[in-house]
Amino acid sequence: MGEESEATAGSNISKVPASEEAPEPPDENLYAPEDPEPAVERPSQPMDDEEMPLADHVEEMIKRLAIVLVIAGVVSLITLPFADHVINFLWNQILPVGPETRPRLYAPLALVMTKLKVASLAGLIIALPVMVYETYLFMRPGLYPHERRYYLAAVPTSLVLAFVGVSFAYFLILPAIFTYFLSYTQSANVAVAFGLTKTFNLILMMMGVLAVVFQIPLLIMLAIMMGLTTRQWMANRRLYFWGAFAGFAFLFSPDPTGMAPFLVAITMVGLFEGTLLLLKWTGK
1 MGEESEATAG SNISKVPASE EAPEPPDENL YAPEDPEPAV ERPSQPMDDE
51 EMPLADHVEE MIKRLAIVLV IAGVVSLITL PFADHVINFL WNQILPVGPE
101 TRPRLYAPLA LVMTKLKVAS LAGLIIALPV MVYETYLFMR PGLYPHERRY
151 YLAAVPTSLV LAFVGVSFAY FLILPAIFTY FLSYTQSANV AVAFGLTKTF
201 NLILMMMGVL AVVFQIPLLI MLAIMMGLTT RQWMANRRLY FWGAFAGFAF
251 LFSPDPTGMA PFLVAITMVG LFEGTLLLLK WTGK
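For what it's worth, full-length UniProt numbering labels the leading residue of the sequence shown as 1, then goes sequentially.
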């Protein structure tokens, strides 16, 4: 009986179909997690930046500077024959008309030097946009895209603000200053004489100072856009800024009577507060 049962069991085992055999283990790669995508690495330097020897950088800088100087020199030479008309135009527009305001010469070369100064200034003004463009071309390979956008947006705005500042000095500040000078001397019953050299130096200096002063809105905007400060921080410390503006005005406005520094300081405070008010209105 035992042998028959063993034979029967063996025959049953041998008759198991192949389809019912134990399944193969699943492929481990089938359920393995997919490899994560490689992280995109930001370039550590601008895409257009190429390593160049120092001598090549210096050579390129000299070439671009030479272009600016050549343009400034050519414009100055063209303007020099007409410098007399420019001097008369500026003088008659800024100073009150009258015999006491005629320019006086206190040195043999005063007129010649003033004409050279006017011609050189005209050359620099015309060459300024060229200098800005050449500077951008020189710096462009080393700038990131967002830095290029800041540069291209800030530079034209700066030039426009400088022009507005010069116009503000020409039409408002300088006529007010010279009118005050005349009234100040008339009250003392003395005759005033306007020397060409010193008076024209005052005119040019005030125009330059106002061109710099009108950069205040741009500087505030850039500082906030770059995250260096906030509008609230500057508003909370406005008295410190007012004091700095007063110091700048009295330092760079050559007027012992105090009229010119006062007007410049008021202008700086107005630009500062106006910019903060505009930022508050726009919600920035």
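Just so you know, even glycine gets a beta-carbon here, dropped at the ideal spot from N, CA and C.
Query                                                                                                                                                          : Result
Using DSSP with H/G/I as helix, E/B as strand and the rest coil, what is Phe248?                                                                               : helix
Per DSSP, what kind of secondary structure is Arg64 in: helix, strand or coil?                                                                                 : helix
According to the neighbour-count rule (16 or more other Cβ atoms, all chains shown, within 10 Å of its Cβ), is Arg231 buried or exposed?                       : buried
Relative to the C-alpha of residue 290, which candidate in Lys63, Thr101 and Ile87 has its C-alpha closest?                                                    : The structure shown does not extend to residue 290, since the chain is modelled only from 1 through 284, so no value can be given for it.
Contact between the stretch 191-209 and the stretch 104-116: three or more CB pairs below 8 Å?                                                                 : yes
For Val164, tell me which candidate among Tyr150, Leu218, Ile177 and Val118 has the shortest Cα-Cα distance.                                                   : Leu218
Using 10 angstroms around the beta-carbon of Ala244, count the other beta-carbons present and answer buried if the total reaches 16, otherwise exposed.        : exposed
Out of curiosity, what's the CA-to-CA distance linking Val97 and Val212?                                                                                       : 29 Å
Please state the DSSP three-state secondary structure of Arg102.                                                                                               : coil
Check whether the stretch 146-162 touches the stretch 117-125, taking contact to mean three or more Cβ pairs, one atom from each stretch, closer than 8 Å.     : no
Check each candidate in Ala223, Leu174, Pro145 and Thr267 and name the one with the smallest Cα separation from Trp242.                                        : Thr267
As a quick exercise: from Ile173, Leu228 and Val70, pick the residue whose alpha carbon is nearest that of Gly208.                                             : Ile173
When we look at the beta-carbon of Glu59 and count the other beta-carbons within 10 Å, is it buried (16 or more) or exposed?                                   : exposed
Tell me which residue opens and which closes the alpha helix (DSSP H) that Met234 is part of.                                                                  : Arg231 to Asn236
Is it true that the stretch 121-136 meets the stretch 218-229, where meeting means three or more beta-carbon pairs spaced less than 8 Å apart?                 : no
Under a Cβ-count criterion, where at least 16 other Cβ atoms within 10 Å of its own Cβ denotes burial, should Ser183 be classed as buried or exposed?          : exposed
Measure the C-alpha to C-alpha separation of Leu271 and Ala55 and round it to an integer number of angstroms.                                                  : 44 Å
On the DSSP bridge assignment, give the partners of Phe194 in chain order.                                                                                     : Pro103
Counting along the chain, where does the alpha helix (DSSP H) carrying Leu182 start and finish?                                                                : Leu174 to Gln186
Since I believe Arg64 is in contact with Phe138 (beta carbons under 8 Å), could you give me their beta-carbon distance rounded to a whole number of angstroms? : 6 Å
With 16 other CB atoms within 10 Å as the buried threshold, where does Pro261 fall?                                                                            : buried
Three-state secondary structure (DSSP) at Thr257?                                                                                                              : coil
Where Val74 and Gly123 are concerned, what is the direct C-alpha to C-alpha distance, given to the nearest angstrom?                                           : 7 Å
Among Met259, Ala223 and Arg104, which one has its Cα closest to the Cα of Met206?                                                                             : Met259
Short of 6 Å in beta carbon distance, which residues of its chain neighbour Ser253, apart from the five on each side in sequence? Order them along the chain.  : Ala260, Pro261 and Val264
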